[in-house]
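Chemist:
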Amino acid sequence: MKLVLILMVKNESAILKRCLEAVKGVVDAYCILDTGSSDTTVEIAEEFLENQVGCLTVEPWKDFGYNRTVSFQRAHAYLKEQCWDLKDTYGLLLDADMVFKAGTLKEQNLQETGYTVVQVAGTLEYPNTRLVRMDYPWTCIGVTHEYWGGPTKHLSKDVCSIDDRNDGGCKSDKFERDVRLLEEDLKRDPTNGRSMFYLAQSYHCLRRWDEARKMYKKRIFTGGWDEEIWYSHYMVAKCWLELKNVPKFEEWMQRAIAMRPSRAEAYYQLTKHFREHSKHYKAYQYMLDGKQIPLSRDALFLETDVYKYLFDYEATILDYYVQPDRKKGMRTCVDYLLKTDFNRSNVIFNFQFYAQPVWSRQTDLLPRLPKPFPGYVPTAISVCDYPLANVRYINYWMEGGEYKTPPGEPVLTENAYVNLETMEVVAKMDDSTIGLPKFSANVMGLEDLRLYRSTSGLSFVATTQEYAEGKVRLLQGRYNPDGTYSDCKVLDSPHERPCEKNWLPFQGTDMMMYGWSPFEVLDRTGIRRSIPMPPFFQSFCGSAPPISVGDKFWTLVHVVEYSKPRKYYHLFVEHQSIDKITRITLPFVFRSAAVEYCVSCRLSDPTTVTCYVSFADANPAQIDIPFSSLDWVSI
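When we follow UniProt numbering, the leftmost residue of the sequence shown carries the number 1, and every step to the right adds one.
1) Would residue 10 pass as a contact of residue 35 if the rule is Cβ separation under 7 Å?
2) Closest to residue 230 by CA distance: which of 477, 262, 67 is it?
3) The beta strand (DSSP E) with residue 476 in it runs from where to where?
4) If residue 97 sits next to residue 165, beta carbons under 8 Å apart, how far is it from one beta carbon to the other, in whole angstroms?
5) Assign residue 600 to buried or exposed, taking buried as 16 or more other Cβ atoms, counted over all protein chains shown, within 10 Å of its Cβ.
6) Just to check my reading of the structure: residue 67 and residue 8 have Cβ atoms closer than 8 Å, yes? What is that Cβ distance to the nearest angstrom?
7) Hey, residue 250 and residue 275: beta-carbon distance below 7 Å or not?
8) Does the Cβ-Cβ distance between residue 287 and residue 271 come in under 7 Å?
9) I believe residue 302 touches residue 155 by the beta-carbon criterion, under 8 Å. Please report the beta-carbon distance rounded to the nearest angstrom.
10) At what residues does the alpha helix (DSSP H) containing residue 526 begin and finish?
11) Determine the contact status of residue 394 and residue 363, defining contact as a CB-CB distance below 7 Å.
12) Is the stretch 523-532 in contact with the stretch 555-571, if contact means three or more CB pairs nearer than 8 Å?
13) Determine, using beta carbons only, whether residue 216 and residue 237 come nearer to each other than 7 Å.
14) To the nearest angstrom, how far is it from the Cα of residue 497 to the Cα of residue 520?
15) Taking the beta carbon of residue 252 as the centre, do at least 16 other beta carbons fall within 10 Å, making it buried, or is it exposed?
16) Where does residue 567 sit, in a helix, a strand or coil, going by DSSP?
17) In the DSSP assignment, find the unbroken beta strand (DSSP E) run with residue 114 in it and report its ends.
18) What does residue 457 pair with, by DSSP beta-bridge criteria?
19) Measuring CB to CB, does residue 143 end up less than 7 Å from residue 181?
20) Do residue 587 and residue 571 count as a contact pair if the criterion is CB distance below 7 Å?
21) For residue 117 versus residue 22, is the C-beta distance shorter than 7 Å?
22) Residue 54 bridges to which residues according to DSSP?
23) Give the DSSP-derived three-state secondary structure of residue 38 in the structure shown.
24) Does residue 516 come out as helix, strand or coil in the three-state DSSP assignment?
25) Which class does residue 166 belong to by DSSP, given the choice of helix, strand or coil?
26) Using the Cα positions of residue 161 and residue 90, report the straight-line distance between them to the nearest angstrom.
27) Name the residue from 366, 472, 441, 433 whose alpha carbon lies nearest to the alpha carbon of residue 448.
28) Can you tell which of 382, 12, 345, 245 has the C-alpha that lies nearest to the C-alpha of residue 563?
29) Looking at C-alpha atoms only, which residue of 513, 440, 420 is the closest neighbour of residue 461?
30) Please say whether residue 540 and residue 503 have beta carbons closer to each other than 7 Å?
31) Provide the residue span of the alpha helix (DSSP H) that contains residue 588, from first to last.
32) Rounded to a whole number of angstroms, what is the C-alpha to C-alpha distance between residue 477 and residue 327?
33) Using 7 Å as the threshold, is the C-beta distance between residue 179 and residue 195 below it?
34) Near residue 40, which residues of its chain fall below 8 Å by C-beta distance, leaving aside the five closest residues on each side in sequence?
35) Should residue 367 go down as buried or exposed, given a rule of 16 or more other Cβ atoms within 10 Å for buried?
36) With distances taken from CA atoms, which of 365, 281, 292 is nearest residue 324?
As structure tokens, then:
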């Protein structure tokens, strides 16, 4: 089987190469018909064809049906001249603003006269005749919104599909042009339902709402294809909404539902409208009804996102108004984020309405912690061998969501090794023992230092701007109880990123958790494995290194809503093994949706996890959380 691209173009210089390159290695020849380009389209096509099999011909523009038919006829004639077996050759019918996705097409043994292919345009998906056997006398029918006349079977999306970018060179006056062509066509044939439908579509695109509404109704009364009749009901409703007539909008959406209950789009429009206008219980009922409908098998203008996730998105908002249980609303949000990335930041913004303070015993540590550095306050605490811990001390504070330092001072960090039982300072850590060249930076000291046991003993990893010029990097080394650091090195970024933070070491190993989406673990040789994760994991930032809980690992992570001040939400991730994640908890706050930061957890008894948390980069506290306070979600 051979394939030939059949392409009709006009003024497509900006995108023609993209279309042609997408089918390289897929098609065996290129037949391009130009209909009157005034830019460099012809020159680009000629240059491309210098090294390809194919032809470029010209036919002055008349209308879509006529010129597309000519494009097929020219390709047919060219292939006959080349003595191709036309029964074993298929024409691939594309426009220049389309990108072809070949899938498994080349592996197929095509036999039918023609095939429809899934065409994806934004949120719409629909089948369109795009593969035609070259021994059949194909003609294209219609002045615009044309179709190919001939028998077809459908090819599934995994075989091939079309990404319709809709950015072609003749789009500037498309709708006005279509109105002219379709109005003329209806003068010739007043009963042409297809022309009525696409004239209504063109009116709608031009925001001529009342004319569109009337033409859709005319299409309904003409009868015919039930999918087109249903869609006309649906669009009459949308026109009424644009005309600010909500009762008529709801009436016609309900008519659409009654006519074709297998389509969910009308339920979605009703859900969205009434949610946006604070009719929450009505919106909720429409949402519940609509989300029960499986993906339709209809061909016409299927809004696949409605079936995939849009009802679930509406539920992430509506649960706040109709569900008194805030945890149920948070679970709805998490279930949604595990499925899709659409509006992720908005759903995380709404965490503030659902996140609850985790039930815990809390002990403020600030009154008891030593203050070995005058003018500095304690913040992050990292425990490795309790009660011994690293305590970070800083010279800055938060005010109105911004960081403030004493006049003329940079951001400074000092660290101390402290016994959390006796509050004795075992040692003030000496940065001069790091032993690496320094660079000028306005943030100085080892930030967010995390202690852990590596294969060589008590070790640390910390964020630094002083030891990698112009970059934020992780510094790793030995952490010695006498206050010195040794064997220090700056860790290279596996992906050459300018800023690296929050790598989480695994106790007793030389491995670190590097990223959450994909999930990546580093060993001495680099990234040992990269595992795709659900969309929600893109928002995870490392907090505390993994701890062993029975035969599992738990890692505390946080999700940030970048408001001013920022809001932090926390959750535990459970690993069945280092590389296998099985579930997460519902996000929670320790006290409130604010800057809460934790770099260390431990098991204080078999059923309690203890977190060391700073609030507003100060005021550290010990938070003891019973396992029973955590609500889990499987992934």
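The C-beta atom is built at its ideal place from N, Cα and C for all residues, glycine as well.
Modeler: Result, derived from the coordinates:
1) yes
2) 262
3) 473-479
4) 5 Å
5) buried
6) 6 Å
7) no
8) yes
9) Contact doesn't hold; Cβ gap of about 16 Å is too wide.
10) Residue 526 -> not in any alpha helix (DSSP H); beta strand (DSSP E) instead, spanning 526-531.
11) no
12) no
13) no
14) 15 Å
15) buried
16) strand
17) 114-121
18) 454
19) yes
20) yes
21) no
22) 30
23) coil
24) strand
25) coil
26) 15 Å
27) 472
28) 345
29) 513
30) no
31) Premise fails: residue 588 is in no alpha helix (DSSP H) and is neither H nor E.
32) 42 Å
33) no
34) 13
35) exposed
36) 281
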